[in-house]
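Asks: Protein chains in written order, with our numbering: chain V, 1 to 163; chain E, 1 to 163.
The beta-carbon is built from N, C-alpha and C at its ideal position, and this holds for glycine as well.
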């Protein structure tokens, strides 16, 4: 039985979601498969770009965050995916050998109108580098299962009008 | 010399950006690496989810779109990446063996204020399945190089106040 349900999240909660080393090999492997731009594929070619050297694809960064959340945050949760992503900001490049940390902040929770057994939790996720600079922020509202006893009974005080 | 520059895009332009078959093997391989949820990893486990069977990760879908754009759209363009993503909507699942098509619509163009040699093009990208249903829409404003002769001279008529 998963431990975390929708009712376990509330606005203002901050959770540290682990740490990951980003290697040159994985930057290049991801880029070769999904984002074959010079800045992500080849050190020499990357020097001629805005970044002045090899950097991780922004999409790779999103995927690494998803994996970190799967490993360190969602494993214990009754997580049911998300209908989309509200915002991604790529604020600073990630270079080979950098270690990044992930942090989750709950912005809002709201029950589903159409499905009393689920609710949405709006998060801002941040990836932070060793210099404590944010390299990416991502706002997304995944769905979580509700505890059966509560479903359809209590509504979050900050429930929005969307469903 | 790349062919497409910022000046070559204008609001309302629609471009078909190729077609891709999504295989079970790649759905599972992506999920194992980046999004190890039951709905994306294992047919039997996926049957118990909202989706009733194996479906591609939404992040995988974003990455496939990026690869399609790299292969079929950006190859001839003076493309310089994007500062983030404004919106992603996962509208319908992609199941193994589905063929998807990509379409780009230009929503707006605006020059950079701080860098006269670049400009932003706001796109809505759509992925469409064989039944002509949209499976994902994605709004993003990548940067493109401007033609040297024009840089700093002409401003797009729909230039926004942001820079």
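Using CA atoms only, rank isn't needed, just tell me which of E:66, E:79 and E:147 is closest to residue 17 of chain E.
Replies: One-based indexing of the second chain puts residue 17 of chain E at position 17. Among E:66, E:79 and E:147, the Cα nearest to that of residue 17 of chain E is on E:66.
Asks: Would you say residue 162 of chain V faces chain E, with C-beta separation under 8 Å as the test?
Replies: By 1-based counting over the first chain, the position of residue 162 of chain V is 162. In this prediction, residue 162 of chain V has a pLDDT of 40, which is less than 50 and means its spatial position is unreliable; what the coordinates show is noted afterwards. So, not an interface residue.
Asks: Would a check of beta-carbon distances place residue 36 of chain V closer than 8 Å to chain E?
Replies: Here residue 36 of chain V corresponds to residue number 36 of the first chain, with the count starting at 1. Output row for residue 36 of chain V: interface = yes.
Asks: Start and end of the beta strand (DSSP E) containing residue 50 of chain V?
Replies: In the first chain, counting from the first residue as 1, residue 50 of chain V sits at position 50. Residue 50 of chain V -> no beta strand (DSSP E), and no H or E assigned at all.
Asks: Taking the alpha carbon of residue 136 of chain V as the point to measure from, which residue in V:24, V:89 and V:32 has its own alpha carbon closest?
Replies: On the first chain, residue 136 of chain V is found 136 positions in, with the first residue counted as 1. Taking only the C-alpha atoms, the option nearest residue 136 of chain V is V:89.
Asks: Using three-state DSSP, classify residue 138 of chain V as helix, strand or coil.
Replies: Counted from its first residue, the first chain places residue 138 of chain V at position 138. In the structure shown, residue 138 of chain V sits in a strand (DSSP, three-state: E or B).
Asks: Does the region 47-61 of chain E touch the region 20-28 of chain V, meaning 3 or more C-beta pairs lie closer than 8 Å?
Replies: The region 20-28 of chain V is not in contact with the region 47-61 of chain E.
Asks: Beta-carbon separation of residue 70 of chain E and residue 142 of chain V under 8 Å?
Replies: Working through the second chain from its first residue, we reach residue 70 of chain E at position 70. Working through the first chain from its first residue, we reach residue 142 of chain V at position 142. In this structure, residue 142 of chain V does not lie closer than 8 Å to residue 70 of chain E by Cβ.
Asks: Along chain V, which residues have their Cβ under 9 Å away from the Cβ of residue 70 of chain E?
Replies: As a working note, residue 70 of chain E is residue 70 in the second chain. The contacting residues are 34, 35, 36 and 37.
Asks: Just to confirm my understanding: we take residue 158 of chain E, look at its own chain, exclude 5 residues before and 5 after, and list those with CB closer than 8 Å. What are they?
Replies: The sequence position of residue 158 of chain E within the second chain is 158, counting from 1. Note on residue 158 of chain E: pLDDT 43, under 50, position unreliable in the model; the coordinate value appears next. If we look at residue 158 of chain E and ignore the five residues flanking it on each side, its Cβ neighbours are 11, 108, 109 and 110.
Asks: Check this for me: beta carbons of residue 85 of chain E and residue 20 of chain E, under 8 Å apart or not?
Replies: Here residue 85 of chain E refers to the residue found at position 85 when the second chain is read from its first residue. Here residue 20 of chain E refers to the residue found at position 20 when the second chain is read from its first residue. It is not a contact, given that the beta carbons lie outside the stated cut-off.
Asks: Please state whether the Cβ-Cβ distance between residue 121 of chain V and residue 6 of chain V is less than 8 Å.
Replies: Residue numbering aside, residue 121 of chain V sits at position 121 when the first chain is read from its first letter. Residue numbering aside, residue 6 of chain V sits at position 6 when the first chain is read from its first letter. Yes, the pair counts as a contact, with Cβ atoms nearer than the cut-off.
Asks: Using 8 Å as the limit for Cβ to Cβ distance, is residue 86 of chain V near chain E?
Replies: Stepping through the first chain from its first residue, residue 86 of chain V is reached at position 86. Yes, contact with chain E.
Asks: For a contact defined as C-beta to C-beta under 8 Å, what are the partners of residue 89 of chain E on chain V?
Replies: On the second chain, residue 89 of chain E is found 89 positions in, with the first residue counted as 1. In chain order: 83 and 84.
Asks: Run through DSSP, which three-state label would residue 28 of chain E get?
Replies: Translated into positions along the second chain, residue 28 of chain E becomes position 28. DSSP places residue 28 of chain E in helix when its eight states are reduced to three.
Asks: Does residue 6 of chain V come within less than 8 Å of chain E when only Cβ atoms are used?
Replies: By one-based count along the first chain, residue 6 of chain V stands at place 6. By this cut-off, residue 6 of chain V is not an interface position.
Asks: Which residues in the same chain as residue 81 of chain E place their Cβ atom closer than 7 Å to its Cβ, once the five residues preceding and following it in sequence are excluded?
Replies: Counted from its first residue, the second chain places residue 81 of chain E at position 81. Only 142 and 143 meet the Cβ criterion.
Asks: Are the C-beta of residue 41 of chain V and some C-beta of chain E separated by less than 8 Å?
Replies: Taking the first chain and counting its residues from 1, the one referred to as residue 41 of chain V is at position 41. False, the Cβ-Cβ gap to chain E never drops below 8 Å.
Asks: Please state whether the Cβ-Cβ distance between residue 46 of chain V and residue 39 of chain V is less than 8 Å.
Replies: Position 46 of the first chain, counted from the start, is the residue given in the question as residue 46 of chain V. Position 39 of the first chain, counted from the start, is the residue given in the question as residue 39 of chain V. Cβ distance < 8 Å, so residue 46 of chain V and residue 39 of chain V count as in contact.
Asks: Determine, for residue 63 of chain V, whether the minimum Cβ-Cβ distance to residues of chain E falls below 8 Å.
Replies: Reading the first chain from its first residue, position 63 is the one you call residue 63 of chain V. Taking Cβ atoms only, chain E reaches closer than 8 Å to residue 63 of chain V, which makes this a yes.
Asks: Shorter than 8 Å from the beta carbon of residue 50 of chain E to some beta carbon of chain V?
Replies: Locating residue 50 of chain E in the second chain gives position 50, where the first residue counts as 1. It does; some Cβ of chain V falls within 8 Å.
Asks: Mind checking residue 145 of chain V: buried by the 16 CB within 10 Å criterion, or exposed?
Replies: Within the first chain, residue 145 of chain V is the residue found at index 145, counting from 1. With 16 or more Cβ atoms within 10 Å of its Cβ, residue 145 of chain V is classed as buried.
Asks: Can you tell me which of the three DSSP states residue 74 of chain V falls into?
Replies: Translated into the one-based positions of the first chain, residue 74 of chain V becomes position 74. Three-state DSSP puts residue 74 of chain V in coil, outside helix and strand.
Asks: Using the rule of at least 16 other Cβ atoms within 10 Å of the residue's Cβ for burial, across every protein chain shown, is residue 154 of chain E buried or exposed?
Replies: On the second chain, position 154 is the one that residue 154 of chain E refers to. Because residue 154 of chain E sits at a pLDDT of 46, beneath the cut-off of 50, its placement in the model cannot be relied upon, and the following sentence gives the value as read from the coordinates. Burial call: exposed.
Asks: Could you tell me the alpha carbon to alpha carbon distance between residue 9 of chain V and residue 13 of chain E, rounded to whole angstroms?
Replies: Locating residue 9 of chain V in the first chain gives position 9, counting from the first residue. Locating residue 13 of chain E in the second chain gives position 13, counting from the first residue. Computed Cα separation, rounded: 43 Å.
Asks: Nearest CA to the CA of residue 99 of chain V: which residue from V:50, V:148, V:127 and V:79?
Replies: The sequence position of residue 99 of chain V within the first chain is 99, counting from 1. It is V:127.
Asks: Have a look at residue 124 of chain E and residue 50 of chain E and give me their C-alpha separation to the nearest angstrom.
Replies: Indexing the second chain from 1 puts residue 124 of chain E at position 124. Indexing the second chain from 1 puts residue 50 of chain E at position 50. Cα to Cα, the separation comes out at about 27 Å.
Asks: Answer yes or no: do residue 73 of chain V and residue 104 of chain V have a C-beta to C-beta separation smaller than 8 Å?
Replies: As a first step, residue 73 of chain V must be located in the first chain, where it is residue number 73. As a first step, residue 104 of chain V must be located in the first chain, where it is residue number 104. Yes. Within cutoff.
Asks: Taking the alpha carbon of residue 97 of chain E as the point to measure from, which residue in E:3, E:133 and E:129 has its own alpha carbon closest?
Replies: Translated into the one-based positions of the second chain, residue 97 of chain E becomes position 97. When each option's Cα is compared against that of residue 97 of chain E, the closest is E:129.
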